[in-house]
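A.B. asks:
Numbering (full-length UniProt numbering), first residue to last: 1 to 172.
1) Buried or exposed for residue 165, please, with buried defined as at least 16 other CB atoms from any protein chain shown within 10 angstroms of its CB.
2) What is the DSSP secondary structure of residue 152, counted as helix, strand or coil?
3) Along the alpha helix (DSSP H) that carries residue 65, what are the first and last residues, could you check?
4) Nearest to residue 152 by alpha carbon, out of 108, 135, 102 and 55?
5) Please work out which residues of its chain come closer than 6 Å, Cβ to Cβ, to residue 159, disregarding the five sequence neighbours upstream and downstream, and give them in chain order.
6) In terms of alpha-carbon separation, which member of 112, 72 and 142 lies closest to residue 89?
7) So, does the stretch 45-63 touch the stretch 77-93, judging by three or more C-beta pairs under 8 Å?
8) Would you call residue 96 buried or exposed, if buried means 16 or more other Cβ atoms sit within 10 Å of its Cβ?
9) Is residue 171 buried or exposed, if buried means 16 or more other CB atoms sit within 10 Å of its CB?
10) Using DSSP with H/G/I as helix, E/B as strand and the rest coil, what is residue 80?
11) Output the distance between the C-alpha atoms of residue 163 and residue 107, rounded to the nearest integer angstrom.
12) My guess is that residue 81 and residue 144 are in contact by the Cβ rule of under 8 Å, so how many angstroms apart are they, rounded?
13) What does the alpha-carbon distance come out to for the pair residue 75 and residue 109?
14) Along the chain, where does the beta strand (DSSP E) containing residue 108 start, and where does it finish?
15) By a C-beta neighbour count over all protein chains shown, 10 Å radius and 16 as the cutoff for buried, is residue 133 buried or exposed?
16) Count the other CB atoms, across all protein chains shown, that sit within 10 Å of the CB of residue 119; report buried if there are 16 or more and exposed otherwise.
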């Protein structure tokens, strides 16, 4: 068994963590009301879902350790457009007792064969169809994130991320 100081540290951590409830519906992302947000049906291989779950765990850990008031959602198409795999919405202090919501959007792209699949310059410069099309993601950022139903200001958006397990082609 562990020593007494280890048990005390665990008890201290338990006292700091508020109970979390996990729901199959993501709610209150848009206006903190009880109306659930729209979610899309997910049909993808399990490796992609596990990759997204691991990334979600990192954001959850960040929210808890930083003691943010936060919301964490996945597959929130009506909020993030192409960056819908993960939405981390959290409050920060802006001084004078004021608080402001901040946003981080993430699109996760996981490939089973990391060495066979590489990001090429053609994929980056493609106008719309490839997984890593910069123009496709930029349009989504402008249309759905900045000009979407929430009308977020650019200073409220901390990060818009494409996260993948594959490398760039060495020719890039």
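We put the CB at the ideal spot given by N, CA and C, even for glycine.
C.D. replies: Taking the geometry as given:
1) Position 165 of the chain shown, counting from 1, holds the residue named residue 165. So residue 165 counts as exposed.
2) For the purposes of this step, residue 152 is taken as the residue at position 152 of the chain shown. Coil, per DSSP.
3) In the chain shown, counting from the first residue as 1, residue 65 sits at position 65. First-last of the alpha helix (DSSP H) with residue 65: 46-65.
4) If you number the chain shown from 1, residue 152 lands on position 152. Out of 108, 135, 102 and 55, 102 has the C-alpha closest to the C-alpha of residue 152.
5) Locating residue 159 in the chain shown gives position 159, counting from the first residue. Excluding sequence neighbours, residue 159 sits near 104.
6) Looking up residue 89 in the chain shown gives position 89. It is 72.
7) yes
8) Taking the first residue of the chain shown as position 1, residue 96 is located at position 96. Its Cβ having fewer than 16 others within 10 Å, residue 96 is exposed.
9) Sequence index remark: in the chain shown, residue 171 carries index 171 (1-based). Residue 171 should be labelled exposed.
10) Translated into the one-based positions of the chain shown, residue 80 becomes position 80. Three-state DSSP puts residue 80 in a helix.
11) By one-based count along the chain shown, residue 163 stands at place 163. By one-based count along the chain shown, residue 107 stands at place 107. Residue 163 and residue 107: Cα-Cα distance of roughly 6 Å.
12) Counted from its first residue, the chain shown places residue 81 at position 81. Counted from its first residue, the chain shown places residue 144 at position 144. 3 Å between Cβ atoms; contact.
13) The residue you call residue 75 lines up with position 75 of the chain shown. The residue you call residue 109 lines up with position 109 of the chain shown. About 13 Å.
14) The sequence position of residue 108 within the chain shown is 108, counting from 1. First-last of the beta strand (DSSP E) with residue 108: 98-109.
15) Taking the chain shown and counting its residues from 1, one reaches residue 133 at position 133. Classification for residue 133: buried.
16) The residue you call residue 119 lines up with position 119 of the chain shown. By the 10 Å Cβ count, residue 119 comes out buried.
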